[in-house]
Amino acid sequence: MTHFSKLGWGFFFSVRQQLVRISELMENVLFAEAQSNFSLSDGSICIKANAQSCGECIQVSEKCGWCTDENFLTVGSPKSARCDDLEVLKERKCLQVENPRGKIIINKDTPVTARNDGPVKLKPEQITQIQPQNLTLKLRSGEPQTFSLKFKRAEDYPIDLYYLMDLSFSMRDDLENVKKLGTDLMREMKKITSDFKIGFGSFVEKTVMPYISTTPARLLNPCQGSENCTSPFSYKNVLKLTENGEEFNRLVSQQQISGNLDSPEGGFDAIMQVAVCQDQIGWRNVTRLLVFSTDAGFHFAGDGKLGGIVLPNDGKCHLENNMYTMSHYYDYPSIAHLVQKLSEHNIQTIFAVTEEFQSVYKELKNLIPKSAVGTLSADSNNVMKLIIDAYNSLSSEVVLENPKRPAGASISYKSICKDNVVNTGENGNKCVNISIGDEVRFDITVESQKCPSNGNPEVFTIKPQGFREEVTVILDYICDCDCATKGEPNSQRCSAGSGSYQCGSCKCNEGRIGQTCECSKDDVRTEDLDANCRKDNGTDICSNNGDCVCGTCECRKRDNPAEAYSGQFCECDNFNCDRSNNKLCGGHGRCECRKCICDANYTGSACDCSMDTSTCVASNGQICNGRGECECGGCKCTDSKFQGPTCEACPTCPGVCTEHKDCVECLTFQTGVKKDVCKDECKNFRLFRVQDQGQLPQPNDQTFPQVICKERDENDCSFYFSFAVRNNTNEVYVVEKPECPSSPDIIPIVAGVVAGIVMIGLALLLIWKLLMIIHDRREFAKFEKEKMNAIWDTGENPIYKSAVTTVVNPKYEGK
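In C-alpha cells form, the structure reads like this:
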C-alpha cells in the first residue's frame with residue numbers, strides 16, 4: 001500500500017552651512033509624527049507615486065486622476081502635481097480630468113440550451129450549458145470588475161464510459177461478473193441519457209523485473225499451479241468506446257487473468273494512456289467517465305527505479321495494436337501529472353476498489369478533481385450500482401476552475417446555488433445537489449494590481465470541471481490614457497515645437513527641458529537665468545527650496561510626499577502652519593503658503609477655535625447654563641461658583657455629593673445602580689485613588705473649590721471622596737477602601753449556640769435522672785414497708801394428695 005505525506009530604518013541628515021536649512025531640519029524632527037499623520041491625508045497615495053505621465057498616474061490607484069487643463073499648474077509646481085485624488089482635483093478647480101474606467105464587453109452570449117430544444121435533437125457540440133462564452137474585461141489597476149456566469153445542467157447529455165480493470169490474479173472472480181456488465185449497464189444508463197457509449201481496457205504491471213517474473217515459463221503463464229493465465233502486460237485497450245453492449249460482453253468474455261509479483265499494480269500507466277490516447281479510445285466532447293477497478297494499491301513516479309527505469313513519463317500516447325509499448329522505457333506518472341492530463345481532457349474518474357484500500361483511494365480522490373470512490377464487493381457484483389451512484393454524485397456537483405491564472409490579476413468567486421444558497425471564499429466556485437434542468441449563477445471578480453510589463457492583453461479560460469465547455473476571458477489592461485494617443489507632435493505650445501503636447505503638458509524632445517521645453521540642457525545654469533529665480537533681488541535662489549531651471553524655479557521635493565514647496569520662488573509650503581493638538585491647522589483646515597485656510601465653522605491661526613455652539617448647550621437648553629459665554633466651542637463661566645464644560649457643576653452647592661455618588665461608586669468599586677452604564681454616563685470624571693481620608697484635598701483651595709463627601713454604597717459601607725471641577729472635568733479623589741461596619745464573629749456565636757444546646761440537653765437529662773431516682777426510692781421504701789406488715793397463714797391445698805400410701809397386711813397383724 002502506498003502512503004501519502006500530507007529594514008531597520010535609518011535617518012541620515014546632511015547638515016548644511018545655511019541657517020535656514022538647519023532650522024528646516026530641526027523642524028522635521030520636532031514634527032515628525034504630525035507630518036506622518038498628514039501624509040495619510042486624501043490624495044497622498046497619488047502624490048507619493050510622483051507620476052510623470054497620465055499613464056503612470058492611473059496605474060497608482062482607481063482613485064487617482066490626471067488633470068489635463070493647460071494652465072492647471074502654478075509656477076514652480078512639478079508635473080507630477082497633475083496626478084492627485086479625484087476629489088482633490090475637483091477642489092482645485094480642474095475642469096478636465098483623465099480618469100478612464102474599466103468595463104465588461106460580452107463578445108459571445110449564446111443562451112443555455114438543452115438537447116431536446118427545438119424539433120430536431122441537437123448534436124452534442126451544439127448543446128450549451130454555460131453562458132456567456134466569450135468576454136473582454138477592460139481592467140484598470142485597483143478597480144475590480146465583476147461578471148456573472150450562468151450554468152444550467154442539460155437534459156439527455158451524452159456520456160462516454162471507459163471501464164479500466166485490473167486483471168491481476170486476485171481479480172479472477174471479479175472478471176466473471178464484469179463479463180455481463182455491458183448490456184446491463186447500457187440498459188441502466190439509457191434511463192439517464194439516450195446517447196451512451198462504453199469501452200473496456202485492462203492492465204497488470206510493467207513487464208520487467210521485479211514487478212513480474214521474467215523466466216520463460218512465468219512469462220507464458222505467470223500463475224501458479226494448474227491455473228491457466230495469459231502473459232503479463234502493462235495496458236491493453238480491449239474495446240474502443242461503442243454503443244454496442246453485446247460487443248462489450250463478447251470481448252470481455254474473452255479476457256484472461258494474468259499475474260505479477262508485487263502487490264501494487266501499474267494502473268497509473270493505464271490511466272495516463274486512457275487520458276491521452278483520445279482517438280484510440282474514441283473519446284467524444286461529452287461527459288467522460290473513467291471507471292478504475294482494482295483490489296490493490298498503485299505504483300507512482302519514482303517506483304520505476306526499482307526496475308532500472310529512470311526516464312520520467314512523457315504524458316504521450318504510446319499504443320501500438322492497442323497495447324502500451326513503452327512501459328519498460330518510461331517511469332510511472334506522478335499524481336500531479338495524472339491530475340493535469342485528466343483535467344486537460346475533462347475526464348471524471350470513479351475508483352471502484354475493495355474495502356481494504358478505501359483509505360488509500362480516498363486520499364487519492366482528494367488530490368484528483370472531479371473524482372469519486374466506491375466500495376467494490378469482493379466479486380464486483382455491485383459494480384453497476386457503484387457506477388450509477390458515483391455518476392449521480394459527480395454530475396450533481398459543478399466546480400469552476402481556471403487552469404491558467406493570469407499573471408497580472410487576481411480572481412475570486414461567489415456562487416448562488418440551488419435554493420439561493422450563497423457560497424464565497426474557497427467554496428465560491430462550487431455548487432452541489434444540482435439536478436437536471438437546475439440553473440445556478442457564479443459571480444466572478446477580477447482585479448488587476450498593476451499593468452503587465454509589456455502591456456499586452458492576457459487570455460484565460462474558466463470551465464466547469466468534467467465538462468468540455470469553457471468561457472474565454474480576455475483581459476485588456478488600461479495602461480495609458482486616451483489623451484496620450486491624441487498628442488500634438490512638435491506642438492507650438494511647447495516652445496515652438498520643442499516637444500509634444502499631450503495630456504495637458506509638454507513631453508520635451510531630446511536635449512530640451514522645462515515645463516514648456518523652453519530651455520536647452522546646455523543653458524540651465526547661467527547668472528542671467530539665476531537672477532529670475534531670486535525674490536526681490538535677494539541672494540537666495542528659489543528661497544533655498546528649489547532649483548533654477550531655465551530661469552524658472554522648480555521646487556524641491558520633500559521626503560514626505562504630502563509636503564510640497566510652491567510659489568514663483570518656492571517661498572510657500574503646505575507644512576509650516578500653526579498647529580493645535582499636534583495637528584497641522586488643528587486638523588480643521590489646510591495649509592497654504594504657511595497660512596491656515598480653515599474649514600467652515602472654524603477660525604483662529606491654527607483653526608483651533610470652533611464656531612459651533614452645540615458643545616456649549618447645557619442640559620436645560622441654555623448656552624453655558626446662562627452662567628457663561630461660549631468661546632471656541634467651550635464655556636467660559638462668568639459665575640465663579642459654577643464650573644464644568646457647560647457651567648453646570650457647582651462643587652460648593654448643596655446636594656453635590658448625592659448627585660455624583662453613583663458615578664463615584666461605579667467607577668471606584670464597580671458597584672451601584674450605574675455599574676452597567678458607567679462608561680457612558682460617567683465618562684466626564686477624572687478619578688484619583690488615595691489610601692486614607694487624610695490624603696483627600698481639603699476645601700481650602702479657592703482656585704478649584706473642593707467638597708468632601710461621605711456616602712454609603714450598596715453594601716451599606718461608607719466611602720469618602722472629594723469633588724471639584726478642574727479644566728471642564730469633574731475631578732474626584734476617592735479613598736479606595738470603604739469603611740464597613742464590623743461583622744459579627746461567626747465562630748463564637750455558633751460555638752455558643754451549640755454549647756448552649758448541649759448544656760440544656762445535659763441539664764434536662766440530669767433532672768430526669770434525679771426525678772427517676774427519687775421515684776424509685778419512694779417505691780422501694782413502700783415495698784419494704786408492705787413486706788414487714790404482711791401476716792402469712794398456713795393452709796393446705798384441697799386438691800393436694802400426698803405421695804405416701806400405707807397398706808396393712810391382715811395376716812401380718814403386727815407380727
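Going by UniProt numbering, the letters in the sequence shown line up with residues 1 to 815, in that order. Quick reminder that beta carbons are idealized off the backbone N, C-alpha and C, glycines included. Keep in mind that this is a model prediction, so the values were computed, not measured.
**OP:** May I have the straight-line CA-CA distance separating Val446 from Ala114, to the nearest angstrom?
**Re:** If you number the sequence shown from 1, residue 446 lands on position 446. If you number the sequence shown from 1, residue 114 lands on position 114. Distance between the alpha carbons of Val446 and Ala114 is about 30 Å.
**OP:** Since I believe Lys404 is in contact with Asp443 (beta carbons under 8 Å), could you give me their beta-carbon distance rounded to a whole number of angstroms?
**Re:** Your numbering for residue 443 matches position 443 in the sequence shown. Your numbering for residue 404 matches position 404 in the sequence shown. The C-beta distance from Asp443 to Lys404 rounds to 21 Å, too long to meet the 8 Å contact threshold.
Subject >> beta strand (DSSP E) runs contained entirely in the segment 702-749, provided each spans 3 or more residues >> reply: Annotation: the segment 702-749 contains the following complete segments of the beta strand (DSSP E) (minimum length 3 residues), in chain order: 707-712, 718-726, 729-735.
Subject >> Cys83 classed as buried or exposed, judged by whether at least 16 other C-beta atoms fall within 10 angstroms >> reply: Along the sequence shown, read from residue 1 onward, the residue named residue 83 stands at position 83. Under a 10 Å Cβ-count criterion, Cys83 is classified as buried, with 16 or more other Cβ atoms of the shown protein chains found around its own Cβ.
**OP:** Classify Met611 as helix, strand or coil using the three-state DSSP reduction.
**Re:** Numbered from 1 along the sequence shown, position 611 holds the residue referred to as residue 611. Coil, per DSSP.
Original post:
Taking residue 818 as the reference, which of Gln568, Asn581, Ser580, Ala564 has the closest Cα?
Top reply: Shown here, the chain extends from 1 to 815; a query on residue 818 therefore has no answer.
Original post:
Cα separation between Arg594 and Asp612?
Top reply: Numbered from its first residue, the sequence shown carries residue 594 at position 594. Numbered from its first residue, the sequence shown carries residue 612 at position 612. Their Cα atoms are separated by approximately 25 Å.
Original post:
Which two residues bound the contiguous alpha helix (DSSP H) that contains Ile257?
Top reply: Taking the first residue of the sequence shown as 1, we reach residue 257 at position 257. It is not in any alpha helix (DSSP H) - Ile257 carries neither H nor E in the DSSP assignment.
**OP:** Confirm, please, whether the CB-CB distance from Asp160 to Val286 is below 7 Å.
**Re:** Looking up residue 286 in the sequence shown gives position 286. Looking up residue 160 in the sequence shown gives position 160. Result yes, Cβ atoms of Val286 and Asp160 sit closer than 7 Å.
Original post:
To the nearest whole angstrom, what separates the beta carbons of Ile411 and Asn423, a pair I think is in contact under 8 Å?
Top reply: For the purposes of this step, residue 411 is taken as residue 411 along the sequence shown, with counting starting at 1. For the purposes of this step, residue 423 is taken as residue 423 along the sequence shown, with counting starting at 1. Not confirmed; about 15 Å, so no contact.
Original post:
Would you say Tyr330 and Asp303 are within 7 Å of each other, going by their C-beta atoms?
Top reply: Here the question's residue 330 lines up with position 330 in the sequence shown. Here the question's residue 303 lines up with position 303 in the sequence shown. In this structure, Tyr330 keeps its C-beta atom at 7 Å or more from the C-beta atom of Asp303.
Subject >> Beta-carbon spacing of Ala154, Ile127 below 7 Å >> reply: As a first step, residue 154 is located in the sequence shown; it is residue number 154 there, counting from the start. As a first step, residue 127 is located in the sequence shown; it is residue number 127 there, counting from the start. Cβ distance < 7 Å, so Ala154 and Ile127 count as in contact.
Original post:
Ordered along the chain, which non-local residues of its own chain (more than five positions away) have a Cβ less than 8 Å from that of Ala606?
Top reply: Mapped onto the sequence shown, residue 606 falls at position 606. Cys577, Asp578, Arg579, Ser580, Cys585, Gly586, Cys596.
Original post:
Would a C-beta distance cut-off of 7 Å place Ser61 and Gly142 closer than the cut-off?
Top reply: What you label residue 61 is simply residue 61 of the sequence shown in a count that begins at 1. What you label residue 142 is simply residue 142 of the sequence shown in a count that begins at 1. Yes, Cβ-Cβ distance for Ser61 and Gly142 is below 7 Å.
Subject >> Helix, strand or coil at Leu290 according to DSSP, with G and I counted as helix >> reply: The residue you call residue 290 lines up with position 290 of the sequence shown. Under the three-state reduction of DSSP output, Leu290 falls in the strand class.
Subject >> Reduced DSSP secondary structure (H/G/I, E/B, other) of Ala81 >> reply: In the sequence shown, the residue the question calls residue 81 occupies position 81. It is helical.
Original post:
Who are the near neighbours of Asn532 in its chain, counting only those whose CB is closer than 8 Å to its CB and skipping five residues on each side?
Top reply: Translated into the one-based positions of the sequence shown, residue 532 becomes position 532. Within the same chain, and ignoring the five residues on either side of Asn532 in sequence, the residues whose Cβ sits closer than 8 Å to its Cβ are Cys548, Gly551, Thr552.
**OP:** Can you grab the Cα-Cα spacing for the pair Asp480 / Asp85, in whole Å?
**Re:** Position 480 of the sequence shown, counting from 1, holds the residue named residue 480. Position 85 of the sequence shown, counting from 1, holds the residue named residue 85. Note on geometry: alpha-carbon atoms of Asp480 and Asp85 lie some 17 Å from one another.
Subject >> Close-in-space but distant-in-sequence residues of the same chain around Ile347 (CB under 7 Å, 5 per side omitted) >> reply: As a working note, residue 347 is residue 347 in the sequence shown. Cβ within range, chain order: Ala275, Arg288, Leu290.
Original post:
CB-CB under 6 Å to Thr516, same chain, minus the five flanking residues each way: which ones, in chain order?
Top reply: By one-based count along the sequence shown, residue 516 stands at place 516. Here the set comprises Cys494, Ser495, Cys506.
Subject >> Proximity below 7 Å, CB of Thr729 to CB of Arg686 >> reply: For this step, residue 729 is matched to residue 729 along the sequence shown. For this step, residue 686 is matched to residue 686 along the sequence shown. Yes, the pair counts as a contact, with Cβ atoms nearer than the cut-off.
**OP:** Mind reading off the beta-carbon distance from Cys717 to Pro738? Whole number of angstroms is fine, and I expect it under 8 Å.
**Re:** Against the sequence shown, residue 717 aligns to sequence position 717. Against the sequence shown, residue 738 aligns to sequence position 738. Contact flag correct, Cβ pair sits at about 4 Å.
Original post:
Does DSSP put Tyr391 in a helix, in a strand, or in coil?
Top reply: Reading the sequence shown from its first residue, position 391 is the one you call residue 391. Here DSSP, grouped into helix, strand and coil, assigns Tyr391 to helix.
Original post:
Buried or exposed: where does Arg140 fall if 16 or more other Cβ atoms within 10 Å of its Cβ makes it buried?
Top reply: Indexing the sequence shown from 1 puts residue 140 at position 140. Arg140 should be labelled buried.
**OP:** Flag this pair as yes or no: are the beta carbons of Arg512 and Ser491 separated by less than 7 Å?
**Re:** Along the sequence shown, read from residue 1 onward, the residue named residue 512 stands at position 512. Along the sequence shown, read from residue 1 onward, the residue named residue 491 stands at position 491. Cβ atoms of Arg512 and Ser491: not closer than 7 Å.
Original post:
Buried or exposed: where does Asn809 fall if 16 or more other Cβ atoms within 10 Å of its Cβ makes it buried?
Top reply: Residue 809 sits at position 809 when you count from the first residue of the sequence shown. Label assigned to Asn809: exposed.
Subject >> Residue range of the alpha helix (DSSP H) that includes Ile58 >> reply: Translated into the one-based positions of the sequence shown, residue 58 becomes position 58. Element bounds for Ile58: 54-58.
Original post:
Terminal residues of the continuous alpha helix (DSSP H) containing Met165?
Top reply: As a first step, residue 165 must be located in the sequence shown, where it is residue number 165. Where Met165 is concerned, there is no enclosing alpha helix (DSSP H), although the beta strand (DSSP E) it sits in stretches over 159-166.
**OP:** Work out the CA separation of Ser258 and Lys123 for me, nearest whole Å.
**Re:** Sequence index remark: in the sequence shown, residue 123 carries index 123 (1-based). Sequence index remark: in the sequence shown, residue 258 carries index 258 (1-based). Approximately 41 Å, taken between the alpha carbons.
Subject >> Beta-carbon proximity of Gln693 to Tyr720, cut-off 7 Å >> reply: One-based indexing of the sequence shown puts residue 693 at position 693. One-based indexing of the sequence shown puts residue 720 at position 720. The beta carbons of Gln693 and Tyr720 sit closer together than 7 Å.
Original post:
Per DSSP, Val399 forms a beta bridge with which residues?
Top reply: Here residue 399 refers to the residue found at position 399 when the sequence shown is read from its first residue. Looking at the DSSP assignment, Val399 forms a beta bridge with Lys430.
**OP:** Kindly indicate which residue of Phe467, Met772, Cys229 has the alpha-carbon position closest to the one of Val399.
**Re:** Reading the sequence shown from its first residue, position 399 is the one you call residue 399. Comparing Cα-Cα distances from Val399 to each of Phe467, Met772, Cys229, the minimum goes to Phe467.
Subject >> Ile757, buried or exposed, once every other Cβ within 10 Å from all chains shown has been counted against 16 >> reply: Against the sequence shown, residue 757 aligns to sequence position 757. Exposed: under 16 other Cβ atoms inside 10 Å.
Original post:
Which of helix, strand or coil does DSSP assign to Pro312?
Top reply: Position 312 of the sequence shown, counted from the first residue, corresponds to residue 312. In this structure, Pro312 counts as coil in the three-state DSSP scheme.
Original post:
Okay, do the segment 382-392 and the segment 341-359 touch, 3+ Cβ pairs below 8 Å being the bar?
Top reply: When Cβ pairs closer than 8 Å are counted between the two stretches, the segment 382-392 is seen to touch the segment 341-359, the count reaching three or more.
Original post:
Which residues does DSSP pair with Gly65 in a beta bridge?
Top reply: Numbered from its first residue, the sequence shown carries residue 65 at position 65. For Gly65, which the question treats as bridged, DSSP gives the partners Asp84.
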